[in-house]
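Remarks on the structure that follows.
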Amino acid sequence: MNKYRSHNCNELRKKDIGKKISLAGWINKKRDHGNLLFIDIRDNYGITQCIIDKANKNFSLLEKTQLETVIKVDGKVLDRTKDTINTDIDTGEIEVSIESFEVLGTCNELPMPVFSDQEYSEEIRLKYRFLDLRRKKIHENIILRSKVISFIRNEMNRLGFLEFQTPILTSSSPEGARDFLVPSRLNPGKFYALPQAPQQFKQLIMVSGFDKYFQIAPCFRDEDARADRSPGEFYQLDLEMSFVEQEDVFKVVETLLVNTFERFSNKKLMFNEFPKITYSDAILKYGTDKPDLRNPLVISDITEIFDRDDVSFEIFKKLVKSGSKVRCIVTKNTKDKPRSFFDNIDRWAKEQGASGLAYFTIEKDKVISARGPVGKFFSNDALEEIMNITKAEIGDSIFLACNKESEVQKITSQARDKIAQDLNLIDENTFAFCWIVDYPMFEKDEVTKKIKFSHNPFSMPQGSIKDINFDKPLDILAYQYDIVCNGIELSSGAIRNHMPELMYKLFSIAGYDKKQVDEKFSGMINALSYGAPPHGGIAPGIDRIVMLLANEKNIREVTMFPMNQNAQDLMMKAPSEVNQNQLDELKLIIKEKK
RNA sequence: GGGGGUGUAGCUCAGUUGGUUAGAGCGAUCGCCUGUCACGCGAUAGGUCGAGGGUUCGAGUCCCUUCACUCCCGCCA
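Using our numbering, read the first sequence as starting at 263 and increasing by one per residue.
Written out as C-alpha cells, the structure reads:
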C-alpha cells in the first residue's frame, strides 16, 4: 500500500462508506465551528470534505494548520445525511472522519489566495506561478493542453507521420525574426542561434527520404510580446510531407483540426471543409489576411461611384481624384437603428485616428433615396449602382471611408469588427476556419522600398520556371498559405521550392547573390542539389490552438511557466547576469550600459 | 522605439471640488461557536497611498519626472 494515500481526492463514493482510508493533499478550505472542523482536501483530481471534532486529540493542532499546507489524513468514510450532501463536488455524497493526520509540507502565509475566483495582478501570478497553477481554471487549462498535445501526437501517428527531434542549437539565418544567440565556448566569437522554427531541418528530413515528418517543436523568436504571442518561445505542430501538392497538406490539416476541435470543444465548426480565400480577396473583402469569418460583414470597393457626375460628395470626389479609395460596409436591415448607433461608430472611427465614417441608410418611398448626413449627395441612379456593387437592399445602411488604400483598408477592417460587435453579429459558440491562399512571393518594403520575401523564402512560386515573369516580382504568387480561425492566424505553410536554380533566381530578386545564398543557407541549398523530392508542409501554433479550445484571450493562460511582457521569468529570475568566469570562458565582454 | 490603461494593507478594491486620525471585504492573529461547504459572530495587528521632485497653509487627490505591470502600434520570413 502507498505510504501517503489509499485514494485520491476525487475517488471516494457511497460504495466506500465504512472503509478506513488515507488521503493526501492541500488544505483547500477550512470551516471552523469551534468544536467541529470541516477541512476540504484538494489534489489534482478533486476535493474531499474531511471532518474532525473536539473529542479527537489532533483537533486543536489541525485547527491551527494554514491553508495550502500539504497533509495526509487517516480516517473513515462516512455517509452524509441528505440535507448535507454537496452536489458541487464529485465526492459530495460522503465525507471522511479524520482519525489522525500528518503534515507533509508546511505552508507560509500566502502571497495570494489559491481558493478564490478573484483576479490577481500578472506580477504576483507569475512570481508565484506554482501557487497560481493550483487554481482550478488554469490548472484545467494546462491539463487540457497536455491532452490536446497527446491527441495530436496520436492523430499524426495514425496519419502516418514520424516524429523527429531537430537541433536546438543551430545557425543564425538572415531572414525573419531576431534570433536568440548562444555563444560558443569551443568556438570563441561565434554563436549558435535558437531555431525560429525547424524550417530548414524539416526540409532536410524530406530530402533524407523520410516522407512524412512532424514534431511538437519549440520555436524561439526574439520579438516583442502580444496577448496572443509569448515573448521568446512557443510551440508549433511542425509538419512536412514529400510528393505533395497544396491540397494534400490541406487535407491532413483539416482532418487533424476538425478531429481535435470536435474532441475538445462543444462549439460548432462553421465549416468542416475549410473555405479557401485568396490573399487579394481577403485583403479587399476583410481588410486583413486573418479574417474572422464568424463576422458576416464584408467590405466593398465603390471608388468608381465617385467619378460620376450625379454624385456630389465633393470631399470624397476630390480625394478619389488624387488616388484615394472608397470602401464601404453594408449592415443588413438597420433602418430602424437610432441615430446614436451610427454616430457612435463614426465617433469610434475618429478615436482610431481615421477621419470618421460617413453613413446613410437606403430607403424607398416611390424612388430609392438615402437617409443620413451624406445621403443627399447621391442620386437615385448612383444609389442603385452602389446597391448593385455591394448587394445592399432597401433598409440596409452603408458606412463609407475614403483614404489612401492602406489607410482605408485598415479602418474598414477595424470597423468591420466594431460594427459586428455593436450589432452582436458574432456567434461566440462557433469556430470558423479558413485557408488564405495565393500569397504574393515578394512585397515592397515600405521603408527601404526594396523588394523582399513577403513570407518564406523557401516557398515555391506558382508557374514553371519558364513561365514566371521575373521582371514583375510583385506579381509572382507563391504556393504559400495560412490557416485562420476566428480571426486568429494559426499557422503558415507552403509548398517548398526544391529546385536550386529557381531558388537562386528568387533570392537574387530579394538582393542575395549566389555566394550569399550558398553561405547563409548552405545546408539547404547543398541538399537540394542531391535529389530533393517535391515537398511542402505547415506548422500550426499549438499555444493558439489551446487558447481557442480553452476560450482564453491570453496565451499565458495556456502556458505553464510564461515570461512577462518584457521577456522576464519573474519566478526563476531570468534573464540574469552571469559571473566573470563564464564570460571569460566565452571570451565575452559586457559593454557598459549608457 | 511609440501610444493607452493600471499602481492605495499580504490579496481584491473604495477613497467626493485638494481639508481632521486613509477605509471595506478576504487573508493573518486572538476569542466564541457541533453540520458547514464563500460557515457565522466579536476583537486585534497590518499603510513610504509605486518612487522622486514641484504647486499649495494643506496632496492618495493637481503638475513634472521616473519605475513596474498590462493592452496596442512598430516588429513577428
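Even glycine gets a Cβ: it sits at the ideal position worked out from N, Cα and C.
Where the beta strand (DSSP E) through residue i begins and ends
i, result
"T593", "587-593"
"N665", "659-665"
"D563", "561-563"
"L323", "Premise fails: L323 lies in the alpha helix (DSSP H), 321-325, not in any beta strand (DSSP E)."
"K714", "713-715"
"G798", "797-800"
"K316", "Looking at the DSSP string, K316 is not in any beta strand (DSSP E), and its letter there is neither H nor E."
"K706", "704-706"
Terminal residues of the alpha helix (DSSP H) in which residue i lies
i, result
"L845", "842-848"
"L832", "Counting along the chain, L832 falls outside any alpha helix (DSSP H), and DSSP gives it neither H nor E."
"Q724", "Careful: Q724 lies outside any alpha helix (DSSP H) and carries neither H nor E."
"L768", "762-771"
"G803", "Unbroken run through G803: none, as it is neither H nor E."
"I787", "784-790"
Residue i in three-state terms, based on DSSP
i, result
"T692", "strand"
"R483", "strand"
"Q742", "strand"
"P493", "coil"
"D679", "helix"
"K777", "helix"
"S753", "strand"
"L687", "coil"
"P824", "coil"
"G818", "Reading off the sequence shown, one finds Arg at residue 818, where the question assumed Gly. Here R818 sits in helix by DSSP."
"I851", "coil"
"I673", "helix"
"I730", "coil"
"A794", "coil"
"V808", "helix"
"L736", "helix"
Inter-residue CB distance, residue i and residue j (contact presumed, cutoff 8 angstroms)
i, j, result
"F661", "S574", "That belief does not hold up - the Cβ atoms of F661 and S574 are roughly 19 angstroms apart, past 8 angstroms."
"T331", "V365", "6 angstroms"
"T623", "A632", "7 angstroms"
"S470", "M825", "So it is not a contact: roughly 35 angstroms between Cβ atoms."
"M468", "P795", "6 angstroms"
"L810", "F693", "7 angstroms"
"E655", "I567", "Not quite, the Cβ-Cβ distance comes to about 17 angstroms (not below 8 angstroms), so this is no contact."
"N650", "K530", "That pair is no contact at about 34 angstroms."
"L739", "F704", "So it is not a contact: roughly 10 angstroms between Cβ atoms."
"T710", "S659", "Actually they are not in contact, since the Cβ atoms of T710 and S659 sit about 42 angstroms apart, beyond 8 angstroms."
"A227", "R570", "Not covered by the structure: residue 227. The range shown for the chain is 263 to 856."
"N370", "E819", "Actually they are not in contact, since the Cβ atoms of N370 and E819 sit about 26 angstroms apart, beyond 8 angstroms."
- request: Would you mind listing the alpha helix (DSSP H) stretches within the stretch 503-582 that are 4+ residues and don't spill past its ends, in chain order?
  value: 508-526, 541-548
query: Is it true that the stretch 687-698 meets the stretch 736-746, where meeting means three or more beta-carbon pairs spaced less than 8 angstroms apart?
result: The stretch 687-698 makes contact with the stretch 736-746: 3 or more CB pairs, one atom from each, lie closer than 8 angstroms.
query: Curious, which full-length alpha helix (DSSP H) runs of at least 4 residues does the stretch 391-474 contain?
result: As far as the stretch 391-474 is concerned, its whole alpha helix (DSSP H) runs of at least 4 residues are 391-394, 398-420, 461-469.
message: Which runs of the beta strand (DSSP E) at least 3 residues long sit entirely within the stretch 277-312? Give them in chain order.
response: List check, beta strand (DSSP E) in window: 282-294, 298-304.
query: Which whole runs of the beta strand (DSSP E) in the stretch 587-657 are 3 residues long or more, in chain order?
result: Taking only runs of at least 3 residues, the beta strand (DSSP E) segments lying wholly in the stretch 587-657 are 587-593, 620-626, 630-633.
- prompt: For the stretch 329-400, which segments carrying the alpha helix (DSSP H) assignment without a break, of at least 4 residues, lie completely within its bounds, in sequence order?
  reply: Annotation: the stretch 329-400 contains the following complete segments of the alpha helix (DSSP H) (minimum length 4 residues), in chain order: 384-389, 391-394.
message: Taking 8 angstroms as the cut-off, does the stretch 777-789 touch the stretch 723-730 (at least 3 CB pairs, one atom from each stretch)?
response: Because the criterion of three Cβ pairs below 8 angstroms is not met, the stretch 723-730 and the stretch 777-789 do not touch.
- request: Answer yes if the stretch 350-363 comes into contact with the stretch 267-287, meaning at least three C-beta pairs across the two stretches below 8 angstroms, and no otherwise.
  value: yes
field: Sufficient close CB pairs (3 or more, under 8 angstroms) joining the stretch 377-386 to the stretch 801-808
entry: no
task: Would you check if there are 3 or more beta carbon pairs closer than 8 angstroms linking the stretch 445-455 to the stretch 542-554?
output: no
message: Three Cβ pairs or more, each shorter than 8 angstroms: is that satisfied between the stretch 621-641 and the stretch 667-679?
response: no
query: With contact counted as at least three CB pairs below 8 angstroms, one residue from each stretch, are the stretch 838-850 and the stretch 553-563 in contact?
result: Short answer: they don't touch.
- prompt: Do the stretch 392-400 and the stretch 413-421 touch if we need at least three Cβ pairs shorter than 8 angstroms?
  reply: no
task: Determine contact between the stretch 517-527 and the stretch 476-493, defined as no fewer than three beta-carbon pairs at a distance below 8 angstroms.
output: no
- prompt: Should the stretch 717-725 be regarded as contacting the stretch 746-759, the criterion being three or more beta carbon pairs within less than 8 angstroms?
  reply: Note that the stretch 717-725 touches the stretch 746-759; at least 3 beta-carbon pairs, one per stretch, sit closer than 8 angstroms.
- prompt: For the stretch 501-512 against the stretch 815-829, are there 3 or more C-beta pairs whose distance is under 8 angstroms?
  reply: Not touching, per the Cβ criterion.
The stretch 471-488 contacting the stretch 435-444, beta-carbon criterion three pairs below 8 angstroms: Output reads yes: the stretch 435-444 touches the stretch 471-488.
message: Pairs of beta-carbons, one from the stretch 277-288 and one from the stretch 301-312, closer than 8 angstroms: are there three or more?
response: yes
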